[in-house]
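Protein chains in written order, with the numbering used here: chain L, 3 to 538; chain B, 78 to 236.
Every residue gets a Cβ at the ideal spot worked out from N, C-alpha and C, and that includes glycine.
Please read all numbers here as calculations on a predicted model, not as lab measurements.
The following block contains the structure:
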């Protein structure tokens with residue numbers, strides 16, 4: 003028995019009374035186990051042999067909890083750079099970078115209005131690598147906001163939100179909001195001028211439904227905004243109670259929610275048979291090779307095979323209705339591509355973090371806001387809208403935009419293969435037309451008030467509710483909706499209408515962001531360049 | 078439940094009733110614990126600062142002067158008729174406005190107010206409020222940041 007090298011047999015063998023007496027003093031089994039320890043521990047962890055064949059590598063992907071978010075095999079179309087630009091994987095990479103650097107920053111950061119600002123200074127000047135770690139955290143967060151938008155554009159323009167992926171698009175919207183919320187709660191924490199006044203403005207935007215209630219003369223009980231403001235601030239003004247709330251949101255609550263939403267987001271891609279791609283995608287066999295489903299058979303009728311390796315995957319899974327050889331194994335092709343994207347993101351974040359310091363304004367001063375008091379770039383479009391009306395620009399239009407975006411896959415149900423940019427030439431034309439219209443409308447919305455003033459300059463006694471409802475922000479939104487409805491009527495296609503509305507919104511967002519960033523100076527007045535700003 | 082009852086046909090079988098009761102109590106437990114958790118972030122008393130602020134002796138604000146006090150977020154307007162205090166908190170989104178030649182300008186979103194706090198331009202929904210002024214027994218001027226009075230109301234300080 004002692005010579006048995008099969009540990010399973012050894013475990014199942016009856017206990018040896020003599021061996022029990024030997025104990026630690028020198029059982030041959032013990033020494034053998036000790037010698038075999040490294041190998042046995044390794045086998046207990048990975049539970050499969052060296053992955054030398056495609057089959058063994060697929061098995062490895064399938065049986066590993068971290069790798070099994072990938073399907074075991076993947077279609078070459080999904081691996082093309084131009085199909086996705088690696089945006090989704092980049093976002094995962096950025097989220098991981100943010101989590102790691104964020105935990106490191108928590109070692110020194112103190113969520114107190116007295117200490118927070120100084121802990122930023124400590125991180126920058128005293129802590130080894132603290133400067134670079136904070137910079138990387140900041141740059142990765144900005145990249146994440148940018149990439150969420152780019153990822154959304156990629157998924158929209160390739161029509162990858164179509165059935166059965168409608169709800170995954172909605173999860174994407176949730177992740178967009180969570181990313182912005184994480185960014186916002188993050189730049190509150192240094193408790194500098196940006197943090198304090200951003201908190202003040204955000205809390206009052208949350209309370210801005212009061213503005214409408216007040217202008218309509220509704221009684222106090224309709225002022226629901228106060229409750230939201232109080233919940234955010236824990237007080238009626240930004241202070242210690244607000245900071246600890248935002249710290250908890252930023253470090254625990256929101257990352258947890260984002261992690262759960264990301265897991266669901268990625269899981270659903272996997273269950274929907276990988277990334278959306280057109281029927282008859284050119285395969286390694288060459289262009290014109292047989293389509294994913296056999297001729298004369300729709301995807302619904304295709305046999306639903308059950309693979310031990312794959313579980314049941316619906317519809318156009320890599321394994322239904324065709325030869326499995328059209329796909330390639332995820333290991334190494336997909337893992338290699340993901341590693342490349344991850345490395346690129348690391349490189350960009352580290353390079354940006356090394357050479358460009360994250361800004362830190364002066365310590366929070368409740369008496370004097372900066373002039374101009376500007377948010378980070380991704381909120382400047384919103385700030386421009388808010389400068390027309392707090393309620394409509396800060397609550398109304400953003401809510402409408404998020405709900406409208408979320409409804410796209412439910413209102414555009416035309417069945418068409420996903421994975422084709424702009425759904426072909428017609429869509430590309432509508433995209434350019436909408437971009438032109440969107441530009442003209444947004445530029446007019448900024449130029450008219452700058453040159454001619456707005457309703458209050460023309461009619462000083464105009465009721466406030468008219469300004470809340472009729473302002474450049476609401477008019478440009480209405481113009482976009484009208485244009486998209488016209489496109490939908492003209493083309494008789496909901497997809498074309500969606501392309502028009504989406505393109506208009508993206509262009510409008512970009513132009514307002516540009517105006518807020520470069521063309522607004524002290525007192526939010528219009529200046530062509532910063533050199534024209536009045537000297538203080 | 079007695080045996081006699083079980084023989085009769087019941088509208089809801091015992092198994093179903095137990096299942097419904099279990100589901101119902103689970104739903105009630107989730108509902109009440111959620112309500113309890115949501116109630117927590119809203120305290121009964123807010124950790125607020127005193128709204129009554131000391132501005133200094135009346136003699137510090139001679140008639141004909143306009144003194145912005147950004148630390149207190151108010152501006153003291155003094156004339157022969159008395160003293161008025163205008164809030165410097167923008168009625169749009171709460172930034173502290175700056176005193177200019179034409180009145181008050183907000184640095185955050187471009188609201189512009191006249192010298193008496195009236196809205197001239199921009200997104201501000203209301204004029205800057207005038208605040209209630211009083212005097213402490215030692216003659217110090219007090220302003221109540223939480224108490225709005227009619228625009229232009231002046232307080233005759235005793236010196």
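Quick one: what does DSSP say residue i is sitting in, helix, strand or coil?
i, result
"residue 88 of chain B", "coil"
"residue 213 of chain L", "helix"
"residue 418 of chain L", "coil"
"residue 183 of chain B", "coil"
"residue 441 of chain L", "helix"
"residue 123 of chain L", "helix"
"residue 284 of chain L", "Caution applies to residue 284 of chain L, whose pLDDT of 46 falls short of 50 and renders its modelled position unreliable; the value that the coordinates give is listed next. In this structure, residue 284 of chain L counts as coil in the three-state DSSP scheme."
"residue 228 of chain L", "helix"
"residue 168 of chain B", "coil"
"residue 57 of chain L", "helix"
"residue 528 of chain L", "strand"
"residue 175 of chain B", "strand"
"residue 194 of chain L", "strand"
"residue 333 of chain L", "helix"
"residue 213 of chain B", "coil"
"residue 223 of chain B", "strand"
Cβ atoms of residue j and residue i: under 7 Å apart, would you say?
i, j, result
"residue 149 of chain L", "residue 89 of chain L", "yes"
"residue 202 of chain B", "residue 168 of chain B", "yes"
"residue 233 of chain L", "residue 120 of chain B", "no"
"residue 622 of chain L", "residue 173 of chain L", "Any property of residue 622 of chain L remains undetermined from this structure, which presents chain L solely from 3 to 538."
"residue 518 of chain L", "residue 382 of chain L", "yes"
"residue 392 of chain L", "residue 170 of chain B", "yes"
"residue 91 of chain L", "residue 332 of chain L", "no"
"residue 329 of chain L", "residue 522 of chain L", "no"
"residue 501 of chain L", "residue 429 of chain L", "yes"
"residue 369 of chain L", "residue 194 of chain L", "no"
"residue 199 of chain B", "residue 211 of chain B", "no"
"residue 160 of chain L", "residue 421 of chain L", "yes"
"residue 478 of chain L", "residue 444 of chain L", "yes"
"residue 163 of chain B", "residue 194 of chain B", "yes"
"residue 96 of chain L", "residue 145 of chain L", "yes"
"residue 210 of chain L", "residue 397 of chain L", "yes"
"residue 199 of chain L", "residue 375 of chain L", "yes"
"residue 280 of chain L", "residue 78 of chain L", "no"
"residue 130 of chain B", "residue 220 of chain B", "yes"
"residue 505 of chain L", "residue 414 of chain L", "no"
"residue 231 of chain L", "residue 205 of chain L", "yes"
"residue 371 of chain L", "residue 172 of chain B", "yes"
Assuming residue i and residue j are in contact, meaning their beta carbons sit under 8 Å apart, how far apart are those beta carbons, in whole angstroms?
i, j, result
"residue 118 of chain L", "residue 235 of chain L", "No, residue 118 of chain L and residue 235 of chain L are not in contact; Cβ-Cβ is about 16 Å, not under 8 Å."
"residue 206 of chain B", "residue 525 of chain L", "21 Å between Cβ atoms; not a contact."
"residue 155 of chain B", "residue 140 of chain B", "5 Å"
"residue 86 of chain L", "residue 277 of chain L", "7 Å"
"residue 511 of chain L", "residue 452 of chain L", "No, residue 511 of chain L and residue 452 of chain L are not in contact; Cβ-Cβ is about 19 Å, not under 8 Å."
"residue 253 of chain L", "residue 108 of chain L", "6 Å"
"residue 143 of chain L", "residue 185 of chain L", "5 Å"
"residue 1 of chain L", "residue 162 of chain L", "Residue 1 of chain L is absent from the structure shown; chain L starts at 3 and stops at 538."
"residue 182 of chain L", "residue 147 of chain L", "7 Å"
"residue 73 of chain L", "residue 272 of chain L", "6 Å"
Residues of chain L with CB closer than 8 Å to the CB of residue i, please, in chain order.
i, result
"residue 172 of chain B", "199, 202, 203, 371 and 375"
"residue 119 of chain B", "229, 232 and 233"
Which chain B residues sit within Cβ distance under 7 Å of residue i?
i, result
"residue 466 of chain L", "202"
"residue 243 of chain L", "124"
"residue 213 of chain L", "202"
Using a cut-off of 9 Å between C-beta atoms, extract the partners of residue i located in chain L.
i, result
"residue 198 of chain B", "455, 456, 458 and 459"
In chain L, what lies closer than 7 Å to residue i by C-beta?
i, result
"residue 125 of chain B", "237 and 238"
"residue 148 of chain B", "369"
Give the residues of chain B in contact with residue i, contact being defined as C-beta atoms less than 8 Å apart.
i, result
"residue 390 of chain L", "200"
"residue 217 of chain L", "202"
Taking 6 Å as the cut-off, is the beta-carbon of residue i closer than that to any non-hydrogen atom of the ligand FAD?
i, result
"residue 504 of chain L", "Only the bare structure without any ligand can be found here, which leaves the ligand FAD out of the picture."
Show which residues of chain B have a CB atom less than 9 Å away from the CB atom of residue i.
i, result
"residue 207 of chain L", "170"
Is residue i close to chain D? Criterion is C-beta to C-beta, closer than 7 Å.
i, result
"residue 196 of chain B", "Within the model displayed, chain D is absent; protein chains L and B are what it includes."
Checklist entry - What residues from the region 71-95 of chain L come within 9 Å of chain B, judged by C-beta to C-beta, listed N to C? => result Across the region 71-95 of chain L, no CB contact with chain B closer than 9 Å is found for any residue.
Next on the checklist: Give me the subset of the region 175-190 of chain B whose CB atoms are less than 9 Å from a CB atom of chain L, sorted by chain position.
Outcome noted: Residues 175, 177, 182, 183, 184, 185, 186, 187, 188 and 189.
Next on the checklist: Tell me which residues of the region 524-538 of chain L have at least one Cβ-Cβ distance to chain B shorter than 8 Å, keeping chain order.
Outcome noted: Closer than 8 Å at the C-beta level to chain B, one finds these residues of the region 524-538 of chain L: 524, 525, 526 and 527.
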